[in-house]
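Numbering (the working numbering), first residue to last: 1113 to 1288.
Idealized CB from N, CA, C, for every residue including glycine.
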C-alpha cells in the first residue's frame, strides 16, 4: 500500500511527466480499440448473407492499369452471363438514389439497381412477396418496372408498410 501512495505522490510532484504518461496511455488504448474495431468489422464479421465464400466480385479493368470508375456496361454483363461455365449465376448491381413519390409527399431513398439473379447470387429470399423474374428484365421506356422494398426502408416517421404491398401506391422518379 505504501508503494501506491508513493507512486501517486511522485505523479503529483511531476505534472509534466504525468500528463505525458496519461496522454500516451489514452492514445495507445484509443489506437488499439480502433484497430480492433476495424479488424472485427472487416475481417472477422462475415457478410450478412449465407455462404459468402461462394460469392465473387467481378470488376471490369482497363488495359492501361488506371481505375475503371464507370462500372460494368449492361452489354458486358450479358456477355459474362452467357459465357460463364464456372459460376452458378452472374448478377450486377449499382448503388443509387431515387425519389419515392407518395400521395403525401416524396422522399429521397438510397438503394440498388440489381439484375434478376442478384438474390440468387447472394442466397437471400424475400420475406414477403417474390424475387425478380427474368421477365422483369425487360423495361418500358428505359424505366425500371419492378421494385423490391427492404425492411429497413424508413420513410418518414408516419409511414407504415403494410403486409400487402399492392396497397402501397408508389413510383420512382429515375431522373433524380
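### Query
For residue 1214, does the three-state DSSP call read helix, strand or coil?
Note: residue 1214 maps to strand in three-state DSSP.
### DSSP three-state assignment for residue 1267, whether helix, strand or coil
Note that residue 1267 scores a pLDDT of 45, beneath 50, so its modelled location is shaky and nothing firm can be said.
### Message
Contact defined as beta carbons within less than 8 angstroms: I believe residue 1205 pairs with residue 1230. What is the distance between those atoms, to the nearest angstrom?
### Response
Right, their Cβ atoms sit about 6 angstroms apart.
### Task
Please report how far the alpha carbon of residue 1292 lies from the alpha carbon of residue 1222, in whole angstroms.
Here the chain comprises residues numbered 1113 to 1288, so residue 1292 is not present and cannot be evaluated.
### Query
Which residues bound the alpha helix (DSSP H) around residue 1141?
First-last of the alpha helix (DSSP H) with residue 1141: 1127-1151.
### Task
To the nearest angstrom, report how far apart residue 1126 and residue 1148 are at their CA atoms.
In a straight line, the C-alpha of residue 1126 is about 33 angstroms away from that of residue 1148.
### Task
Indicate, with yes or no, if the ligand NAD has a heavy atom lying under 7 angstroms from the CB of residue 1166.
As presented, the structure is devoid of all ligands, the ligand NAD included, so that no description of it is given.
### Task
Tell me whether residue 1233 is buried or exposed, calling it buried when 16 or more other Cβ atoms sit within 10 Å of its Cβ.
buried
### Query
With 8 angstroms set as the bound, which would you pick, yes or no: does the beta-carbon of residue 1200 sit closer than that to a beta-carbon of chain B?
Given the protein chain composition of this structure (a single chain), no chain B is represented.
### Message
So for residue 1230, helix, strand or coil by DSSP?
### Response
Helix.
### Query
How close, in whole Å, do the beta carbons of residue 1180 and residue 1236 come, if the pair is a contact with beta carbons under 8 angstroms?
Actually they do not touch by this definition, with Cβ atoms about 27 angstroms apart.
### Task
Check each candidate in 1214, 1216, 1189, 1240 and name the one with the smallest Cα separation from residue 1203.
Residue 1189 is the option with its Cα nearest to residue 1203.
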